[in-house]
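Undergrad:
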Amino acid sequence: MPFLVISACSFSGIYNNSSGNSQAATAPITLKVGEGFVDPIGYYESIPRFSWQIDPTASYKFQQAFQIQMASSVSKIADADLWDSLKQQSSANAWIKYQGKPLSSSQKVYWRVRIWDEDNQVSNWSKPATIELGLLSNHDWQGKWIRHPETGDTVTFDVSDNKTKEVKTVTNKVYRPQYLRRSFTTHDNTNLEKTEIKPSIKQVRLYITSKGIFNAYVNGQKVSEDVMTPGWTPYKQRIETLTYDVTSLVNLGTNVLAATVAEGWHTGRYLKLRALKVEPSALLAQLEITYSDGTSQIVTTAQNWQVTLNGPIRSAGNCDGETYDANYEMSGWNTVDFNANDWNTVITENIEPHVALAPKRHQAAAIKLTIPAQEIVEVANPKPGVVVFDMGQNMLGVPELSLPGIANQKMTFRFAEALHKNTFYTKNLRTAKATDYYTPAKSGQINYIPTFTFHGYRYVEISGFDQSKTPELSWVKGRVLHSNFIVNANFKSAHAKLNKLSKNVVWGLRGNFLDIPTDCPQRDERLGWTGDAQVFAAPSMYMADVYGFWAAWMQSVREAQNPDGGVPNFVPNKGHGFGKLASAGWGDVAVIIPWELYLLNGDKQFLRDNYDMIKGWLDFHNSRSENYISSLRGFKDWLQPYAKKGQTPQYLISTAYYARSLDYAVKIAKVLGYENDASAYTQTLNKVKQAFRNKFYDENTKVKSASTQTSYLLPLAFELFEGQDRINAQQHLVKTIKASDKHLGTGFLGTPLLAPVLQKIGRSDLMFDVLFKETYPSWFYSINNGATTTWERWNSYSLAEGFSKESMNSLNHYAYGAVAKWFYEGILGIQPASAGFKEINIAPQFNHRLKHASGSYKTPQGEVKVSWKIEQDQLDMQVSIPKNSRGNFKLPQVTDLTINGVKLTESNQHILAQQPPGVYQINGIILPAKSN
Ligand code: RAM
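Residue numbers for the sequence shown follow UniProt numbering, so the first one is 1 and each next one is one higher.
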């Protein structure tokens, strides 16, 4: 491993060991493995990568060397029987690869780290951290897939074509949720001599997964709070498995292992389609009991399980909702005391050798927030017995319902994103029924939370309740669901609408990060569109700890890549229709996410993992190009607001993206040391640039087609022009922005480029003008029209007219939220100057219309914080540079600068660069903005 060596720079007076001797400095903290796992159980990689941080309260600032030790038990940690890295002269505190003895499935290991600071003083050892591996290979699984023998209910689906008006139906299968159980007895120790100490249960692990989605129980207790497990991967290649610690749930004697399994993504539908051949859902589980005497016992899914379809969840689908009938409740069905004699015996199926069973490599989804209903709303033409609740927030989740019902009277719960001219509106959900039903077995208060579905909604319509009762706000709560990551977003400013926009973007993130990155959470789509993902991945990193989420999905993208190198429009897909095709700006996700996330994390493994896919994608793009002009089809600048006249030509976009992917591939190849690839891609890139320049722009670098913002943003963002061409293009861009009175003219691909380009060309002032525009098309237009998330279209909705006419109209699409990256990278100015933020640029973009901004970002080294205030041109700014990093201050808008009281002069410019960790107080005077 090439270690980066920093010189042992000494900062006199900074390192001061409290005890006066030269050892025992503060130990490293925040020990993590892989993409941010803390003491994981069921970990996915047998060659872990280690990360840690210097304690922000430590008296030293830098690491110049480290040592990692790993052992098979905590008592052997000093012996390091698995690995001792020995002292490595390196400042790297993240992504250090394990190089010890091979690790195997289920193995639990202990590791610790210590570091040497800038004065070569060694720290204390960290507290030991643990890693317990999951089942890494299909061979580790001893059981079989099990399921109900019935082959599903045949149903008819309307697949009529909206465009051609051709009416069509198809029949297909729907599978009812299954309830599965088996009892087992722990090892019988009763024949042991009375005097002998009987072995007790030391540890129990449950390894489990499903085709479909499951909930698991041991003796009636749910094994975890995870939902929608195992999540969505390309199931024909890989199914993720979960590991749970159920030690406290298993007793000596008889126990019951049970699960419910529903269709989920595997068996259920998306769009109008079901998979052409729907495969039923199934369960696979393995319970491993370890006794105190070292013996063990394994309980698996096998022929001896029982199953019924006669449980209370009568049907469940992601898009269509759940039907619950309390008359079917089977009290204690998952406990020992239940008699399941009338249940069916399961049928079994072998584990397919070509479908990898792999430990889940990012956090499963969970309920992350619960929010109360805000208002019971009066709708136009109210129907008797129907009441509508406003949750005040468009969200992804399920309702938590607690209301009076009447025996055998079905209650209906419908969901909508917004009211349309004051009516409850579900047309934009298209064919998604998005309706839950609950039938009470007896009259009285019912409590119900749907289990195997999710909705995208703000409003809940309820009917069928006990009409003698007056609806109360307490009847409904909103349970917000997403993958179990931490939301860190903390951008704040003096501008209320900017803050609202920032919040809406975060809600767009929460609303579309359910196991995979989706376009939207509400209609019959909810798919991992690659174009949306490539524009929002890097921005999302500033708002939540989603690296594991993205790294996991990128594995799915690799698996979904077509043999010709094309990267599909959405991932996962079921292998049919246009989802499988590759498009410009969408398939480029293969290169864009690896590079842009590498810049933020510095994890080379992520580049290595994706490198073959990147090469395949470039080969594919090459095969779709002639004379270096790409003829790859696509969605152009999707949903730009000016109909045909505002459209940027497809091949201009495709060729620009071909260049972007080549450019990123050059950078990636260089980091990985593939010099031949780097020079081959550079040569192609130069030819593509030239062809692009000549084909689409005239002698004054004016686009030959209609002037659009995107036609200049693409070459400027992707650095396709040099010299005078670049200057010309900048001027044309500014002109096109002014021509629309500083309104947006961009769609999914152009919009995210606007801020970085305007910043790069020194026109952040213009970006603020566009950002603060109140009228259509602009970000604030949505806020002025009641948005609580980011929308699919700039004009998806208005308070006066309701939803715009188009059928494709979601109010929870994250793509336009990509601008939030600029709140952190631009307004606050927090940018990686080197991959992984070892070196940080602080380059805030000040504007007289914004008096204050603050926020932070959690880098691999620690948190970088920026807060600034402008009062009558006086800048008052605080910056905090985390340990083991250095900061560069880039403040061309400021004169009379002082940093920590030191005045900047001609001769001390160095105080702006390579500054050590610490807190900086910066003052100065903001220069007047450039004239427009
Ligand atoms: C829509 C999706 C998605 C977009 C594609 C092209 O159906 O919602 O956002 O990427 O089309």
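We put the beta carbon where it would ideally sit given N, CA and C, even for glycine.
Taking Cβ positions only, does Ile298 come closer than 8 Å to chain C?
TA: The structure shown contains no chain C, having only a single protein chain.
Undergrad: According to the neighbour-count rule (16 or more other Cβ atoms, all chains shown, within 10 Å of its Cβ), is Phe696 buried or exposed?
TA: Numbered from 1 along the sequence shown, position 696 holds the residue referred to as residue 696. So Phe696 ends up on the buried side.
Undergrad: Any chance you could list the residues with Cβ under 5 Å from a heavy atom of the ligand RAM, keeping chain order?
TA: That gives Asp519, Trp529, Gly531, Asp532, Phe635.
Undergrad: Excluding the five sequence neighbours on either side, which residues of its own chain have a C-beta within less than 6 Å of the C-beta of Val681, listed in chain order?
TA: On the sequence shown, residue 681 is found 681 positions in, with the first residue counted as 1. The residue asked about is misnamed: residue 681 is Tyr in this sequence, not Val. So the qualifying residues of the chain are Leu662, Ala665, Val666.
Undergrad: DSSP three-state label for Met613, please.
TA: Counting from one through the sequence shown, the residue named residue 613 turns up at place 613. In this structure, Met613 counts as helix in the three-state DSSP scheme.
Undergrad: Write down every uninterrupted run of the beta strand (DSSP E) in the region 328-382 whose length is 3 residues or greater and which is fully enclosed by it, in chain order.
TA: Those beta strand (DSSP E) runs which fall completely within the region 328-382 and span 3+ residues are 347-349, 356-359, 365-372, 375-377.
Undergrad: According to DSSP, Trp529 sits in a beta bridge with which residue or residues?
TA: Numbered from its first residue, the sequence shown carries residue 529 at position 529. Phe570, per the DSSP bridge assignment.
Undergrad: Considering only the beta carbon of each residue, do Ile41 and Thr301 sit closer than 8 Å?
TA: Within the sequence shown, residue 41 is the residue found at index 41, counting from 1. Within the sequence shown, residue 301 is the residue found at index 301, counting from 1. Cβ distance not < 8 Å, so Ile41 and Thr301 don't count as in contact.
Undergrad: Hey, would you say the C-beta of Ser540 is under 7 Å away from at least one heavy atom of the ligand FAD?
TA: Absence of the ligand FAD from the depicted structure is noted, with the ligand RAM being the only ligands included.
Undergrad: Does residue 946 pass the burial test, meaning 16 or more other C-beta atoms within 10 Å, or should it be called exposed?
TA: The requested residue 946 does not occur in the structure, where the chain is confined to residues 1 to 932.
Undergrad: Could you name each continuous beta strand (DSSP E) segment of 3 residues or more that falls completely within the region 781-833, going from the start of the chain to the end?
TA: DSSP runs (the beta strand (DSSP E)) wholly in the region 781-833: 830-832.
Undergrad: Rounded to whole angstroms, what is the Cα-Cα separation between Gln374 and Ser807?
TA: Stepping through the sequence shown from its first residue, residue 374 is reached at position 374. Stepping through the sequence shown from its first residue, residue 807 is reached at position 807. When rounded, the distance between both Cα atoms is 28 Å.
Undergrad: Going by CA-CA distance only, name the one from Ser834, Thr30, Asp119 that's closest to Tyr60.
TA: Along the sequence shown, read from residue 1 onward, the residue named residue 60 stands at position 60. The shortest C-alpha separation from Tyr60 is found at Asp119.
Undergrad: If you count every other CB in all the chains shown that lies within 10 Å of the CB of Lys738, and 16 or more means buried, which is it?
TA: The residue labelled residue 738 in the question sits at position 738 within the sequence shown. When all chains shown are included, Lys738 counts as exposed.
Undergrad: In angstroms with no decimal places, state the Cα-to-Cα distance between Gly786 and Tyr776.
TA: Position 786 of the sequence shown holds residue 786. Position 776 of the sequence shown holds residue 776. Spanning the two alpha carbons is a distance of roughly 14 Å.
Undergrad: Using the C-alpha atoms, what's the distance from Pro568 back to Ile593?
TA: Residue 593 sits at position 593 when you count from the first residue of the sequence shown. Residue 568 sits at position 568 when you count from the first residue of the sequence shown. Their Cα atoms are separated by approximately 15 Å.
Undergrad: Within 10 Å of its beta-carbon, does Ile298 have 16 or more other beta-carbons around it, so buried, or fewer, so exposed?
TA: For the purposes of this step, residue 298 is taken as the residue at position 298 of the sequence shown. With fewer than 16 other Cβ atoms within 10 Å, it is exposed.
Undergrad: Taking the Cβ atom as the reference point for each residue, do Gly212 and Ser281 lie within a distance shorter than 8 Å?
TA: Residue mapping note: residue 212 aligns to position 212 of the sequence shown, counting from 1. Residue mapping note: residue 281 aligns to position 281 of the sequence shown, counting from 1. In this structure, Ser281 lies closer than 8 Å to Gly212 by Cβ.
Undergrad: In angstroms, rounded to a whole number, what distance separates the CA positions of Thr470 and Val387?
TA: On the sequence shown, position 470 is the one that residue 470 refers to. On the sequence shown, position 387 is the one that residue 387 refers to. So the alpha carbons of these two residues sit roughly 10 Å apart.
Undergrad: DSSP state of Thr321, grouped into three classes?
TA: Taking the first residue of the sequence shown as position 1, residue 321 is located at position 321. As written in the sequence, residue 321 is Gly, which differs from the Thr given in the question. Three-state result, Gly321: strand.
Undergrad: Quick check on DSSP: helix, strand or coil for Ala25?
TA: Position 25 of the sequence shown, counted from the start, is the residue given in the question as residue 25. Strand, per DSSP.
Undergrad: Comparing C-alpha positions only, which one of Val864, Ala659, Tyr642 sits nearest to Asn488?
TA: Position 488 of the sequence shown, counted from the start, is the residue given in the question as residue 488. Ranking Val864, Ala659, Tyr642 by Cα distance to Asn488 puts Val864 first.
Undergrad: According to the neighbour-count rule (16 or more other Cβ atoms, all chains shown, within 10 Å of its Cβ), is Val170 buried or exposed?
TA: Position 170 of the sequence shown, counting from 1, holds the residue named residue 170. With fewer than 16 other Cβ atoms within 10 Å, it is exposed.
Undergrad: Using only the alpha-carbon positions, how far apart do Trp595 and Trp553 sit?
TA: Along the sequence shown, read from residue 1 onward, the residue named residue 595 stands at position 595. Along the sequence shown, read from residue 1 onward, the residue named residue 553 stands at position 553. Trp595 and Trp553: Cα-Cα distance of roughly 15 Å.
Undergrad: On a Cα-Cα basis, can you pick out the residue from Ser854, Val866, Ala659 that is closest to Ile840?
TA: Within the sequence shown, numbered from 1, the residue matching residue 840 stands at position 840. It is Val866.
Undergrad: Counting only the same chain and skipping the five closest in sequence on each side, list residues whose C-beta sits under 6 Å from that of Arg793.
TA: Along the sequence shown, one-based indexing puts residue 793 at 793. Within the same chain, Arg793 has close Cβ partners Leu639.
Undergrad: Within this structure, are the beta carbons of Gly566 and Phe620 separated by less than 8 Å?
TA: Locating residue 566 in the sequence shown gives position 566, where the first residue counts as 1. Locating residue 620 in the sequence shown gives position 620, where the first residue counts as 1. Against a cut-off of 8 Å, the Cβ pair of Phe620 and Gly566 comes out as a contact.
Undergrad: Could you give the DSSP three-state label for Trp638: helix, strand or coil?
TA: Along the sequence shown, one-based indexing puts residue 638 at 638. If DSSP states are grouped into helix, strand and coil, Trp638 belongs with coil.
Undergrad: With the cut-off set at 8 Å, would you say Ala584 and Ile629 are in Cβ contact?
TA: In the sequence shown, counting from the first residue as 1, residue 584 sits at position 584. In the sequence shown, counting from the first residue as 1, residue 629 sits at position 629. No, they are not a contact pair.
Undergrad: Compare the beta carbon distance of Phe692 and Leu720 with 8 Å and say whether it is the shorter of the two.
TA: Locating residue 692 in the sequence shown gives position 692, where the first residue counts as 1. Locating residue 720 in the sequence shown gives position 720, where the first residue counts as 1. In this structure, Leu720 lies closer than 8 Å to Phe692 by Cβ.
Undergrad: Where DSSP assigns a beta bridge to Gln237, which residues make up the other side?
TA: In the sequence shown, residue 237 corresponds to position 237, counting from 1. DSSP, once it has assigned bridges, lists no residue as partnering Gln237.
Undergrad: For Arg608, count neighbouring Cβ atoms within 10 angstroms of its own Cβ and tell me buried if that reaches 16, exposed if not.
TA: Translated into positions along the sequence shown, residue 608 becomes position 608. With fewer than 16 other Cβ atoms within 10 Å, it is exposed.
Undergrad: Whole angstroms are fine: how far does the CA of Cys319 sit from the CA of Arg269?
TA: Translated into positions along the sequence shown, residue 269 becomes position 269. Translated into positions along the sequence shown, residue 319 becomes position 319. The alpha-carbon atoms of Arg269 and Cys319 are separated by roughly 8 Å.
Undergrad: Could you give the DSSP three-state label for Phe846: helix, strand or coil?
TA: Position 846 of the sequence shown holds residue 846. Phe846 falls in the coil class under three-state DSSP.
Undergrad: For Asn900, does the count of other Cβ atoms within 10 angstroms reach 16, so buried, or fall short, so exposed?
TA: Indexing the sequence shown from 1 puts residue 900 at position 900. Asn900 comes out exposed.
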